[in-house]
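Visitor: Shown below is the structure under consideration.
There are 4 protein chains.
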Amino acid sequence: MPIRDGDYVLLVGDGVRSVIKVTRGSRVSTIRGVINADSIIGLEYGSTVRTNLGYEIAVLRPLITDMLLERADRVTQVIYPKDAAQIIVSSGIGPGSRVADAGVGSGFMTAMLAYYVRPTGRVYGYDKRDDAIRIARKNLEMLGLLEWVELRLRDVSTEGFLENDLDAVILDMGDPWNAIPNATRALRPDGVLIVYVPTINQVIKVLNTLHEVGYVDVKMVDVTVREWKTEPSEIRPQTWVNAHTGYLIISRRTLRTTTEPAK
Amino acid sequence: MPIRDGDYVLLVGDGVRSVIKVTRGSRVSTIRGVINADSIIGLEYGSTVRTNLGYEIAVLRPLITDMLLERADRVTQVIYPKDAAQIIVSSGIGPGSRVADAGVGSGFMTAMLAYYVRPTGRVYGYDKRDDAIRIARKNLEMLGLLEWVELRLRDVSTEGFLENDLDAVILDMGDPWNAIPNATRALRPDGVLIVYVPTINQVIKVLNTLHEVGYVDVKMVDVTVREWKTEPSEIRPQTWVNAHTGYLIISRRTLRTTTEPAK
Amino acid sequence: MPIRDGDYVLLVGDGVRSVIKVTRGSRVSTIRGVINADSIIGLEYGSTVRTNLGYEIAVLRPLITDMLLERADRVTQVIYPKDAAQIIVSSGIGPGSRVADAGVGSGFMTAMLAYYVRPTGRVYGYDKRDDAIRIARKNLEMLGLLEWVELRLRDVSTEGFLENDLDAVILDMGDPWNAIPNATRALRPDGVLIVYVPTINQVIKVLNTLHEVGYVDVKMVDVTVREWKTEPSEIRPQTWVNAHTGYLIISRRTLRTTTEPAK
Amino acid sequence: MPIRDGDYVLLVGDGVRSVIKVTRGSRVSTIRGVINADSIIGLEYGSTVRTNLGYEIAVLRPLITDMLLERADRVTQVIYPKDAAQIIVSSGIGPGSRVADAGVGSGFMTAMLAYYVRPTGRVYGYDKRDDAIRIARKNLEMLGLLEWVELRLRDVSTEGFLENDLDAVILDMGDPWNAIPNATRALRPDGVLIVYVPTINQVIKVLNTLHEVGYVDVKMVDVTVREWKTEPSEIRPQTWVNAHTGYLIISRRTLRTTTEPAK
Chain A
21 MPIRDGDYVL LVGDGVRSVI KVTRGSRVST IRGVINADSI IGLEYGSTVR
71 TNLGYEIAVL RPLITDMLLE RADRVTQVIY PKDAAQIIVS SGIGPGSRVA
121 DAGVGSGFMT AMLAYYVRPT GRVYGYDKRD DAIRIARKNL EMLGLLEWVE
171 LRLRDVSTEG FLENDLDAVI LDMGDPWNAI PNATRALRPD GVLIVYVPTI
221 NQVIKVLNTL HEVGYVDVKM VDVTVREWKT EPSEIRPQTW VNAHTGYLII
271 SRRTLRTTTE PAK
Chain B
21 MPIRDGDYVL LVGDGVRSVI KVTRGSRVST IRGVINADSI IGLEYGSTVR
71 TNLGYEIAVL RPLITDMLLE RADRVTQVIY PKDAAQIIVS SGIGPGSRVA
121 DAGVGSGFMT AMLAYYVRPT GRVYGYDKRD DAIRIARKNL EMLGLLEWVE
171 LRLRDVSTEG FLENDLDAVI LDMGDPWNAI PNATRALRPD GVLIVYVPTI
221 NQVIKVLNTL HEVGYVDVKM VDVTVREWKT EPSEIRPQTW VNAHTGYLII
271 SRRTLRTTTE PAK
Chain C
21 MPIRDGDYVL LVGDGVRSVI KVTRGSRVST IRGVINADSI IGLEYGSTVR
71 TNLGYEIAVL RPLITDMLLE RADRVTQVIY PKDAAQIIVS SGIGPGSRVA
121 DAGVGSGFMT AMLAYYVRPT GRVYGYDKRD DAIRIARKNL EMLGLLEWVE
171 LRLRDVSTEG FLENDLDAVI LDMGDPWNAI PNATRALRPD GVLIVYVPTI
221 NQVIKVLNTL HEVGYVDVKM VDVTVREWKT EPSEIRPQTW VNAHTGYLII
271 SRRTLRTTTE PAK
Chain D
21 MPIRDGDYVL LVGDGVRSVI KVTRGSRVST IRGVINADSI IGLEYGSTVR
71 TNLGYEIAVL RPLITDMLLE RADRVTQVIY PKDAAQIIVS SGIGPGSRVA
121 DAGVGSGFMT AMLAYYVRPT GRVYGYDKRD DAIRIARKNL EMLGLLEWVE
171 LRLRDVSTEG FLENDLDAVI LDMGDPWNAI PNATRALRPD GVLIVYVPTI
221 NQVIKVLNTL HEVGYVDVKM VDVTVREWKT EPSEIRPQTW VNAHTGYLII
271 SRRTLRTTTE PAK
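Residue numbers (our numbering), protein chains in the order written: chain A, 21 to 283; chain B, 21 to 283; chain C, 21 to 283; chain D, 21 to 283.
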């Protein structure tokens, strides 16, 4: 399928790396010169074009992670793909899963979930901030993933979830311990609860709560994805890396898990 | 749906953590005592049972990673879930993707791929060792994932792949540089090539080859997932961790990528 | 100076790596065969000897870290050289420093301190367990470092330190927050306090206490030293590493730091 | 000993952290207001002063690492304290050691070595660039460490070292493999060779050379010191860290080590 007017494409080459929207009649500026959008339309993905300065740039289909990191709007700190990957795989979330995500923030995690539960699953995204819901909706629309998502403006700690028997609930909020009783109600009896928090103060509160209300198989990990320079003559890790995002705490509900608030 | 004779279940509690197959009339030994399989059959997932010593054990649906790590047979070094997660998400592999995996080894990566390309995608698993193909088939069958996989006893470096226009090809073999020309032929023009190697000697050869034949957007990462002790009174990282598995090299084909062997 | 009867030597070669005491008339067994101690006596350090099976083994002066890791007795969890190195350098401890170390445990940290404050400094090692004091003394004697150390059987939390105006105090104990007021009394007005704890529960208590009593320039680090396989044909990190020992919390006293107990 | 005109002091408090030289009659600007140098002179270290805006700032003796990181001039990439600490401790370098350091660059490693070999050891610093020698001399003078160092403008790969029977030689240069034969000549027969390189391309060349010429007990490590935020209410690792500086390769000479160049 050739590239069409309105498609997003990933441009790569000679230091250029960006996702652009191809709009007939427009010009794309890069650090290696200018490309006419019209010269891209109709090409096969994987083609190369030349900038006006003569540099060769490849035109590729962006991956979902390219779209998120380069095109999505942000209203809050986002969950990075490395953590999303670990959350999804560690929780067994896959095609057909029914998952709640609270709060949605900018919708990065919601989008990754929607991508992986397709075509038969469903994601329920909660946030108490309407700007978050609005931005998340916009991002999901751009990514073509809104079809698999319900977005709900609602405080899950006080008002609860509208679903039950969910396969997994993800809590990404400042005070997740307050939402755990309602998350328990929303989960299937052996469902997976994932809590994502940045500080060890929060870790202690979450682990204490999980212990008290009776979650089992409690695991905690933090994920480091170290990026390398790949120039063949000088291979080495990047000097500066994002060394901390958050702690992932993954546990399982049982029929014995209480929905009473923890002390 | 209640637990049936023949199901696999995850037992968790008081230091017990194992996946067992429920077989009517059998007895399950744990470090906390014995459980009669018959007392599990018919229960809802999320129930708890008592061992003959009085310990409470939860009975849960195993996740795919539990099945792989606890029940799958191994014929070779395997790709761990942490790396599989990163490979899948970094390559945009998802429901509907068509992916080749060479070599399949014990089939861990193949299984993770099959799980995530369901229900409309397909995985083509290659290995030149027939014991690998045999073990992988057995593992995929146990996991209920064989339906989405073609296994092929074939040396991709010398004989090539049978598919083309694939979304992604994963090379997990000792000499992946020798398979890159055939992988290029099998990929769609902007397809994703993932190479997984454990040593830096291999890293250098792979990066040199990718550079010479014209892959673009070459990225390399290594993934560390640090596990923590989650006992609320003594929270700390585990002392000993698996600190190195392999390097993930992810790159994109273009129409300019040559299928000539690198020098 | 040639190797003498009674010296410790490091044997290295073909998979052999151990520190042995050379005792006239004795035989040393290695995984590569036997060496007569008499054939080592009188050699220059750096010489090689042959085992009875024909393997060449180098005979080297052991470093202090070799002696600690291979010959010292252990009565408790020890501070590893990687952490000792970071503690010493981050605290400015060097030749001439006067330092207290509580508790001494097996004396590993005490020994490293003694090695680096020589010849004009002094280390005061405290422990409330007499088996710790006894083992530490034995280890320091073997290492030839006892001359620079005073060992004291005493509970610093309740009985305090006997010194004052110290350059640095190191607290390596289960409840270091209880010893901070006495450590403050023992330090010079701008002295360095180092606290070493394994869990984040302890981290929170220590940081709260330091904050309350008025320590400044509070830093916390954890140190990872990743070891690699160095076989030229297969260079890669070791698979299993000791990924967590403890957190180092380093801060400075001032004249405003209170010696009242924290709330 | 009170603070005198001309001393360096470390100012710490309310977000201020800097090393300044106290000069009678001068004013020190901080982000929390101005301090008159004269109000610092005569104070005891550990005192606090107030800025004109009323903030309390502690006045401390700077540690050697504070001086290096805040006051030393840089002409090249420097060896960081974390790596210097590991090099020194892993090599048994301490009071009395005789060590060569090539090249000296900005003199950071040379300074750390001088600090730790005092008062009876000696450091021989080599560089082929005269600006490096000049800057290193200036830094060592500022630190009061020049007394223990000989600086030599000389290319050790082609001209060799002037010493022999050294306890340790440190090679921190782009092509250390070319200097290994001369380093071997300069070391005592069981001396310690430390090579510090940033890329894995260099790692492979160094390990191959060490293997060919017969170094033993070859170890390689990389050191990560993760810094944390220490605000008691929000304890977490710093987000961005310097994740890669270089690889440390530490090995031992023997009498069998050849000084012929490697193939």
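Where a beta carbon is used, it is the ideal one built from N, C-alpha and C, also for glycine.
Using a Cβ-Cβ cut-off of less than 8 Å, list which residues of the stretch 33-60 of chain D approach chain E; keep chain order.
Guide: Reference to chain E is not applicable here, since the protein chains of this structure are A, B, C and D.
Visitor: Could you name the residues of chain C that V223 of chain A contacts, counting a contact when the two beta carbons are closer than 9 Å?
Guide: Chain C residues near V223 of chain A: I220.
Visitor: Would you kindly report the start and end of the unbroken beta strand (DSSP E) that includes N262 of chain C?
Guide: Per DSSP, N262 of chain C belongs to the beta strand (DSSP E) from 260-262.
Visitor: Within the continuous beta strand (DSSP E) that includes R208 of chain A, where are the two ends?
Guide: 207-217 is the span of the beta strand (DSSP E), which, as asked, contains R208 of chain A.
Visitor: Would you mind listing the alpha helix (DSSP H) stretches within the stretch 102-141 of chain A that are 4+ residues and don't spill past its ends, in chain order?
Guide: The qualifying runs are 128-137.
Visitor: At 8 Å on the CB atoms, spell out the chain C contacts of I270 of chain B, in chain order.
Guide: By Cβ distance, chain C contributes nothing, its closest Cβ being about 19 Å from I270 of chain B, past 8 Å.
Visitor: Closest to M240 of chain A by C-alpha separation, out of B:E247, B:V243, B:D242, B:V236, would be which residue?
Guide: Comparing Cα positions, the closest option is B:E247.
Visitor: How is the beta strand (DSSP E) around V169 of chain B delimited, first residue to last?
Guide: V169 of chain B -> beta strand (DSSP E) spans 169-173.
Visitor: Rounding to the nearest angstrom, what Cα-Cα distance links Y146 of chain D and G123 of chain D in this structure?
Guide: Whole-angstrom Cα-Cα distance: 5 Å.
Visitor: Which whole-angstrom value describes the C-beta separation of Y267 of chain D and D242 of chain D, a residue pair presumed to lie in contact below a C-beta threshold of 8 Å?
Guide: With 8 Å as the limit, Y267 of chain D and D242 of chain D qualify as a contact, their Cβ atoms being about 5 Å apart.
Visitor: Going along the chain, which residues of the stretch 98-125 of chain B sit with their C-beta nearer than 7 Å to a C-beta in chain C?
Guide: Here the close residues number zero.
Visitor: Check whether the stretch 105-112 of chain B and the stretch 95-115 of chain A touch, using three or more Cβ-Cβ pairs below 8 Å as the test.
Guide: Contact holds: three or more Cβ-Cβ distances are below 8 Å.
Visitor: Look at the alpha carbon of T178 of chain A and the alpha carbon of V261 of chain C, and state the distance between them as a whole number of angstroms.
Guide: Distance between the alpha carbons of T178 of chain A and V261 of chain C: 44 Å.
Visitor: Can we say the stretch 135-153 of chain B touches the stretch 212-227 of chain B, given the rule of at least three CB pairs closer than 8 Å?
Guide: No contact exists between the stretch 135-153 of chain B and the stretch 212-227 of chain B.
Visitor: Look up A57 of chain D in the DSSP assignment and say whether it is helix, strand or coil.
Guide: Helix at A57 of chain D.
Visitor: Shorter than 8 Å from the beta carbon of L80 of chain A to some beta carbon of chain B?
Guide: True, the Cβ-Cβ gap to chain B drops below 8 Å.
Visitor: For the 8 Å Cβ check, are there 3 or more pairs between the stretch 156-163 of chain D and the stretch 187-196 of chain D?
Guide: No, they do not touch.
Visitor: Count the other CB atoms within 10 Å of the CB of M87 of chain C; is the residue buried (16 or more) or exposed (fewer)?
Guide: Classification of M87 of chain C: buried, given that the 10 Å Cβ count is 16 or more.
Visitor: Do V36 of chain D and G26 of chain D have their C-beta atoms closer together than 8 Å?
Guide: Against a cut-off of 8 Å, the Cβ pair of G26 of chain D and V36 of chain D comes out as no contact.
Visitor: Could you tell me whether the Cβ atoms of T279 of chain D and R174 of chain D are closer together than 8 Å?
Guide: The answer is no: Cβ separation not under 8 Å.
Visitor: Return the residue from the list B:D195, B:P252, B:I214 that minimises the CA-CA distance to N221 of chain C.
Guide: For the residues B:D195, B:P252, B:I214, the minimum Cα distance to N221 of chain C belongs to B:P252.
Visitor: Give the single residue among A:R24, A:H231, A:D93, A:S49 whose Cα lies nearest to the Cα of I60 of chain A.
Guide: Per the Cα distances, A:R24.
Visitor: Here's the rule I'm using: 16 or more other beta-carbon atoms within 10 Å means buried, otherwise exposed. How should D195 of chain C be labelled?
Guide: Result: exposed.
Visitor: Give me the DSSP bridge partner(s) of T68 of chain C.
Guide: Answer is C:A78, bridged to T68 of chain C.
Visitor: Taking the alpha-carbon positions, what's the R118 of chain B to L191 of chain D distance?
Guide: Approximately 50 Å, taken between the alpha carbons.
Visitor: 8 Å is my cut-off, CB to CB: does S253 of chain D come that close to chain A?
Guide: It does; some Cβ of chain A falls within 8 Å.
Visitor: Within 8 Å (strictly less), CB to CB, does T244 of chain A reach chain B?
Guide: It does; some Cβ of chain B falls within 8 Å.
Visitor: Suppose you measure from the CA of I99 of chain D to the CA of I40 of chain D; what does that come to, to the nearest Å?
Guide: When rounded, the distance between both Cα atoms is 23 Å.
Visitor: Where does I23 of chain D sit, in a helix, a strand or coil, going by DSSP?
Guide: Here I23 of chain D sits in coil by DSSP.
Visitor: Using a cut-off of 8 Å between C-beta atoms, extract the partners of N228 of chain C located in chain D.
Guide: Neighbours of N228 of chain C on chain D, chain order: P252.
Visitor: Taking 8 Å as the cut-off, decide whether the C-beta atoms of R52 of chain B and T71 of chain B are in contact.
Guide: Yes.
Visitor: Answer yes or no: does any C-beta atom of chain C fall closer than 8 Å to that of H231 of chain D?
Guide: So, interface residue.
Visitor: In the DSSP assignment, find the unbroken beta strand (DSSP E) run with M240 of chain B in it and report its ends.
Guide: Start and end: 236-249.
Visitor: Does DSSP classify K148 of chain A as helix, strand or coil?
Guide: DSSP places K148 of chain A in coil when its eight states are reduced to three.
Visitor: Contact defined as beta carbons within less than 8 Å: I believe R273 of chain A pairs with G141 of chain B. What is the distance between those atoms, to the nearest angstrom?
Guide: No, R273 of chain A and G141 of chain B are not in contact; Cβ-Cβ is about 30 Å, not under 8 Å.
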